[in-house]
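Below is one structure, written out as structure tokens; the observations come after it.
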Amino acid sequence: MNLYNKVIPFQLEKLPIRGRILVLEEVVDTIIHKHDYPDLVGHLLAEAILFGSLMSAALKHDGIFTLQTRTDGPINLLVADVTENGVARGYAEFDKEKIEALTQSKQIISMPRLLGNGQLALTLDQSDLKDRYQGFVALTGATFAESLQHYFTQSEQLKTALFFATQKKENKWRAAGIFLQLMPQLDDETEEQKSEHWLTAVSLLSTLKKSEILSDTLTPHDVLFRLFHEHDIKVFEPKQIKAGCRCSRTRIFDILNNMTEQDRQDLVENLYISVTCQFCNEHYEFTLDQFIAK
Ligand SMILES: [Zn+2]
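Those letters in the sequence shown? Residues 21 to 314, by the numbering used here.
Written out as structure tokens, the structure is:
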């Protein structure tokens, strides 16, 4: 069975730990190549899509998980959203000249330098929840993974560890990651035992090399086995992730149709209202007489 592009949930039988592992290949490759993004942008967008995909595996019916940054650095916007069906999309907005200059400098550019100051919002839209859930992550870590794991530990009161790796090799993108969480406390477990269990899991995860999880020869199951075989791994049904978009002519028509006539007129250029989807670059054209005047 091909285990790529699938979120694989797992649990350790001898430690109160659960997690998910995911290696994305064509999903990130398709999205990044479609936009022809520079490598520096591609790596961060790949991480955002990876994280969104890992989180989407916990969604129930009709849900969408969105990660969005708004910052003042060279990459001022990153968006990735993934539905409960595993349909992933994403895009970025950035300053071409600044990114080009950073690329030329040949230095290793950290996330804080690329994003600058600002906000990372996580949004959970689920049709059966009345309110959407939104959380704000402080971009204080050196990496996305660091910032997000700090957020989880604080907001969910559950110790969380994240491991992200991305690569572009022979013009092919790949992103891989592990999400690890300490399960809620068992009654007969002391605080000390709990900390000890967590420490064991985290120190095992810290032995993982990026090259291993990104390797062509190791499957995600092999990686899990290497890390946790002493603690008996139980894997669950994997969830497929695929690149796709939710835009449609009808959806865009409805948005335009809900505007005032004046607002629509302001959008007309050369007789047409042209709309391009930022996620998938799909182009839609409408004429004013198609809409119902209000
Ligand atoms: Zn689209």
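The beta-carbon is built from N, C-alpha and C at its ideal position, and this holds for glycine as well.
As the structure is a computational prediction, the values presented were derived from the model and not from experiment.
Judged by DSSP in its simplified three-state form, residue 259 adopts strand.
Boundaries for residue 312: no beta strand (DSSP E) harbours it, and the DSSP string shows neither H nor E there. Separation of the CB atoms of residue 104 and residue 82 is rounded to 6 Å, and the pair is thereby assigned contact status at 8 Å. Counting only unbroken stretches of 3 or more residues, the beta strand (DSSP E) elements lying wholly within the segment 72–125 are 83–91, 95–103, 107–114, in sequence order. Taking each of 307, 291, 58, 115 in turn and checking the Cα distance to residue 273, the smallest one comes out for 307. Look at residue 196 here: in three-state DSSP terms it is strand. Relative to the non-hydrogen atoms of ligand 1, the Cβ of residue 299 comes within a distance shorter than 7 Å of at least one. Distances taken from the Cβ of residue 166 to the heavy atoms of ligand 1 include none shorter than 7 Å. In the DSSP secondary-structure assignment, residue 41 is bridged to 28, 198. Restricting attention to 24, 256, 110, the CA atom closest to the CA of residue 301 is found in 110. Looking at the backbone, the Cα of residue 233 and that of residue 210 are separated by about 33 Å. In the three-state DSSP reduction, residue 171 falls in the helix class (H, G or I). In the DSSP assignment, residue 157 falls within the beta strand (DSSP E) that extends over 153–158.
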